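These protein sequence lines are chains A and B, in that order.
The first sequence finishes on residue 1259 if you use this note's numbering, and the numbering steps up by one all the way, no holes.
The second sequence finishes on residue 660 if you use this note's numbering, and the numbering steps up by one all the way, no holes.
Using N, Cα and C, we set each Cβ at its ideal position, and we do this for glycine too.
Just so it is clear, the structure is predicted and the values come from calculations on it, not from any experiment.
The structure under discussion appears below in the form of C-alpha cells.
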Amino acid sequence: MTTFIVRRLLLLPLIVLGVSLIIFSLFQILGPDKLLAAYVNPNVFDKLSQADLEVLKEKYGLTKPFAERYGIWLWNALKGDLGWSQVGKDDVLTAILSRFPYTLELALYALIPVVGVGIWLGVAAAVHRDKFLDQFIRIFAIVGWSFPDFVFGLLILMVFYSVLGWFPPGTLSQWAEEVVKSGSFHKITHLVSIDALLNGRLDVFWDALRHIIGPVITLSFLWWAYLLRITRSSMLEVLSKEYVRTARAKGVPEHDVIHKHAQRNAMIPVVTVAGNMVIGLLSGTVIIEVIFNRIGIGRLAADAAVQLDYATVLGTTLFYSIILVLGNLIIDILYAVFDPRVRLG
Amino acid sequence: MSEGKKANTEFIRTMRKMFRNPSAILGFALLIFFIIVAIFAPLIAEPTFFDENGNPVVYYDENGKVIKPNPYQIPYNDKIPSQPDRPSPDHPFGTIEKRDIFYGVVWGTRTAFFIGLTVTIISTLVGILIGSISGYYGGWIDEVLMRITDVFMSIPFLLAAMVLTTILGNGIDKVMIAMTVFGWMGAARLIRANILQVKEEQYILASKALGIKDYFIIMRHVLPNTIFPVLIQASMRMGSLVITAAGLSYLGLGAPLGYADWGSMLNYTRNWILGASGSTFSYWYAVFYPGMAMVLFVLAWNLVGDALRDVFDPRLK
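Right, dumping it as C-alpha cells:
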C-alpha cells in the first residue's frame, strides 16, 4: 500500500506539469497581441502606439519562443510565484487560497444533505424494489439528474429570494461582512459560519447560513440523484447475496439484516462515489457561485476565463487538478481501507 | 433464411423488453417529440424580418430574390419591449429583450441536437481511436496515451471547456471544439478496458495466428465486440453535454446574443432576476420555458440511455 501511495504521489507532479503545459499552450492560440492585454491596464491599452506595444511585448517576453516562456513561467511557479491576478486583485496564489475556504464551506454544507438523504433514499428504493416508493424515488432521481444546475439555481433564486425573500444571493450581508472584516472577529477556521459560532456571533452565523442554503439546496438536488442510483444498485446486489439469505434464515430481524448486514457491504462502492462527489462539489461550484453571486474559486476561475486573465486561469486550473488527483488517491486508499479484499499495489 | 429470421425475432424480443419499461417509453416519446419539433421548426416558428414598427417585412436582393433571414437568429422585433413581457396569444411563451421566447425555444431544439450529436459523435470517435490503439498495442504506446488521458482527465470538464471557449472566442462552433477536445477520455478508457478483455479471447488469438493484419482485426473483430458499452455511454453523455454547452452560453461564453440557444436565452434573464427585486417572479416564463425545454431534452436522453443500458448491458444495472 505504501508503494502504491508513493507511486501515485510521484505521478502527481507529472500530471500537474502536463495540465500546465496544456493550458499554457492553449493560451498561445491567442497570439502575443492579445496575451499582452493581460499585462496592461485596459484603460491605457487602447492609447498605446504600435511601437509601444512592441516594446511591451519585448519587456514581458512575449516574443520569446514558446519553450523559453513556458520555462520562465514554470521556474517562477516553482518558486511559488504564479503571477498577478487581475480578477482577484492579488497575487494568484493568495487570491486562490483566500477564496478556497468559501468554496470548501459550500461543498461541506452540501455534502451533509447529499450523503444523508441520498444514501437513505437509495437504501429505501432498493428495499422496496419495483414498488411504488422505488418507482417514485427513481423518477425523482432521473429528473434531478436531468436538471441543469443553473436552471435549478435560477428557480430556487426566484422562489426563495424573489417571492419569499428568505435566502438572498451573495456570501454575507453588508453588516455581517463588516463584522467579519473587523479586528475583533477572529478567523480560526476561515469558514465563515464556523468562525461566527466560535466567536459567539450567532447573528453572523445565521446570516451566513441564510446565504448558503440556496446554493446547498441546488447542489444537493443535483447530486442526490447520483448517489441514490449507486446506493440502490449496490444495495440490490448485496441483498441478493447468500449471507443476507442466511441472516434472514436464522431469524435476524429484517431491520438488522438491511441496516447491518447488507448496508455496510453496500457502502463500499458508495465511498468511491462520495469521494468523486467531494471532488465534483469542489470543482462543480463554478456555475453555482456565479448564479448565487458567491465568493469562491469557481467564480474566480469563471471571471478569469471571461477576461482572459491567464495567470489566474492557469493557477485555478492547477489548483483544481491537484484537488482532483489527490482526491482520487484518497478515494483509492479509503476503498482499500473499507474493503479488505481490495489490494493496492 | 432461418438465420435472418432468428436475428429478427431476437430484435423483436429486445424491443419488447425495452418497451415494457414505462420510463423507456416516456424517453423515446420525448425524444421523438423533440425530433419532430426540430424537423418542423420552420413551420412551427417561421423566421421573419420585422421593420421598425414591428411589422413583418420581406426584403429582396438586387436580383429580386427574397432574402431569407438566418433562422438561428431569433428575430429582433422593435414592437416588443426590452423588458420581459408575459405570455400573450401572439407570443405564447412571452418575450424578452425584444425577442419571442417561443421562437427561441423551438429553434433552440435544433441547436441542442446539433451541439449534442456533433460533440458526442466526434469525441466518441476520437476516444475509440485512442482507446483502441492504446488497448490493442499495449506497451509504451499504451503507457504514453493513458498518461495523456490522465492529464486531460485532471482538468474539470466545465473549467477546461470554459477556458478553451474563451480563448477561441464566442460562438457555438467554439463551444463544440472545446467540448470535443476535453470530452474524448471517457470513451477512450472504456474502449481500452474492453479491448484488454477481448484481446485474450480465443478468436482474436486465432486471427492473429492466421496472420491477419492488426487494422483488420481491430475493425472486424475487436470493435464490434466492444462497441455497445461505448454507444450506451455516448447516449447517456448527450444530456450532460447539452447541459455544459448551455452552461457556457449562460456564462456568456457560448452562443452570441440573439442566437436560438436555450442557454443563452437564460443568460438574458440574469439581469432581470438578480437586478430588480420584488417583481422578479413575474418574469417566471423567461426562465421556465427555455429551462423546461432543456430539462425535458436531457431527461429524454437520460431515459433512453438508461433503457438501452438495461437491455443491452444488464451487467451495468
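Nonlocal neighbours in the same chain, by C-beta distance under 8 Å from residue i, ignoring five residues either side
i	result
B/Val380	Ile387, Val449, Thr452
A/His1100	Asp1109, Leu1112, Asn1113
B/Asp428	His434, Gly437, Thr438, Ile439
A/Leu1018	Leu1105, Leu1196
B/Leu533	Gly470, Gly474, Pro572, Val573, Gln576
DSSP bridge partner residues for residue i (one or two, in chain order)
i	result
B/Arg442	B/Ile439
A/Trp998	A/Asp1005
B/Pro399	B/Phe393
B/Val409	B/Tyr403
B/Gln692	Beyond the ends of chain B as shown, which are 344 and 660, falls residue 692 of chain B; an answer cannot be given.
B/Asp428	B/Thr438
Within-7 Å CB hit, residue i to chain B
i	result
A/Pro1062	yes
A/Tyr1180	One detail in the question is off: residue 1180 of chain A reads as Ala in this sequence, not Tyr. With 7 Å as the cut-off, A/Ala1180 does not count as an interface residue toward chain B.
A/Val1200	yes
A/Val1065	yes
A/Leu1068	yes
A/Ile1051	no
A/Ile1144	no
A/Ile919	no
A/Ile1056	yes
Proximity below 7 Å, CB of residue i to CB of residue j
i	j	result
A/Leu1020	A/Thr1145	no
A/Phe1233	A/Ile1182	no
A/Ser1060	B/Leu642	yes
A/His1175	A/Ala1163	no
B/Ile309	A/Leu940	The structure shown does not extend to residue 309 of chain B, since chain B spans only 344 to 660, so no value can be given for it.
A/Ile1211	A/Arg1013	yes
B/Ala531	B/Gly470	yes
B/Ser607	B/Gly526	no
B/Trp644	B/Gly582	yes
A/Ile1205	A/Gly1067	yes
B/Val487	A/Val933	no
B/Lys441	B/Ile423	yes
A/Gly1241	A/Ile1193	yes
B/Val401	B/Val409	yes
A/Leu878	A/Val1239	Since the first residue of chain A shown is 915 and the last is 1259, residue 878 of chain A is not available in this structure.
B/Pro599	B/Asn513	yes
Proximity test, Cβ basis, 7 Å: residue i and chain A
i	result
B/Ser497	yes
B/Tyr403	no
B/Thr463	no
B/Asn364	no
B/Gly370	no
B/Asn610	no
B/Val654	no
B/Asp604	no
B/Ile439	no
B/Ile586	yes
Cut-off 7 Å between Cβ atoms - residues of its own chain near residue i, not counting five sequence neighbours on either side
i	result
B/Val524	Leu507
B/Thr357	Val654
A/Trp987	Phe938
A/Ile1033	Leu1141, Thr1145, Val1184
B/Phe371	Val647
B/Asn610	Ser592, Tyr593, Gly595
Same chain, Cβ closer than 6 Å to residue i, five either side skipped, listed in chain order
i	result
A/Ile1053	none
A/Arg1208	Thr1085
A/Leu1150	Ala1040
A/Trp1080	Phe1074
A/Leu1248	Val1185
A/Glu1203	Gly1210, Gly1212, Arg1213
A/Leu1035	Ile1051, Leu1142
B/Lys360	Val654
A/Ala1216	Val1200, Val1204
task: Anything in the segment 1230 to 1247 of chain A with a Cβ closer than 8 Å to a Cβ of chain B? List those residues in chain order, please.
output: Flagged, chain order: Thr1230, Thr1231, Tyr1234, Ser1235, Leu1238, Val1239.
- prompt: If you measure beta-carbon to beta-carbon, which residues of the segment 412 to 436 of chain B are closer than 8 Å to chain A?
  reply: For the segment 412 to 436 of chain B, which is checked against every Cβ of chain A, not one residue is closer than 8 Å.
field: Residues in the segment 929 to 953 of chain A having any Cβ partner in chain B nearer than 7 Å
entry: Ile929, Gly932, Val933, Ile936, Ile937, Leu940, Phe941, Ile943, Leu944
- prompt: Taking Cβ-Cβ distances below 8 Å as the criterion, which residues of the segment 1164 to 1192 of chain A are in contact with chain B?
  reply: So the list is empty, because no residue satisfies the distance condition.
message: Which residues of the segment 624 to 642 of chain B have a Cβ closer than 7 Å to any Cβ of chain A? Give them in chain order.
response: Those residues of the segment 624 to 642 of chain B that come within reach of chain A (Cβ to Cβ, closer than 7 Å) are Phe624, Trp627, Val630, Gly634, Met637, Val638, Val641, Leu642.
field: Contact list for the segment 1206 to 1226 of chain A against chain B, Cβ threshold 8 Å
entry: Cβ contacts with chain B come from Asn1207, Ala1215, Ala1216, Ala1219, Val1220, Leu1222.
message: Can you pull out the residues from the segment 541 to 555 of chain B whose beta carbon lies closer than 7 Å to at least one beta carbon of chain A?
response: If the cut-off is 7 Å between Cβ atoms, the segment 541 to 555 of chain B has nothing near chain A.
- prompt: In chain order, what residues of the segment 501 to 518 of chain B put their CB closer than 9 Å to some CB of chain A?
  reply: Answer in chain order: Leu501, Leu502, Ala503, Met505, Val506, Leu507, Thr508, Thr509, Ile510, Leu511.
query: Can you list, in chain order, the residues of the segment 1005 to 1022 of chain A whose Cβ is nearer than 9 Å to any Cβ on chain B?
result: none
- request: Give the residues from the segment 1085 to 1112 of chain A that approach chain B closer than 9 Å (Cβ to any Cβ), ordered along the chain.
  value: Using a CB distance below 9 Å, no part of the segment 1085 to 1112 of chain A faces chain B.
- request: Note down, in chain order, all residues in the segment 1113 to 1133 of chain A with a beta-carbon under 8 Å from any beta-carbon belonging to chain E.
  value: Given the protein chain composition of this structure (A and B), no chain E is represented.
field: Selection of the segment 461 to 492 of chain B by Cβ proximity to chain A, strictly under 8 Å
entry: Listed in sequence order: Arg490, Ile491.
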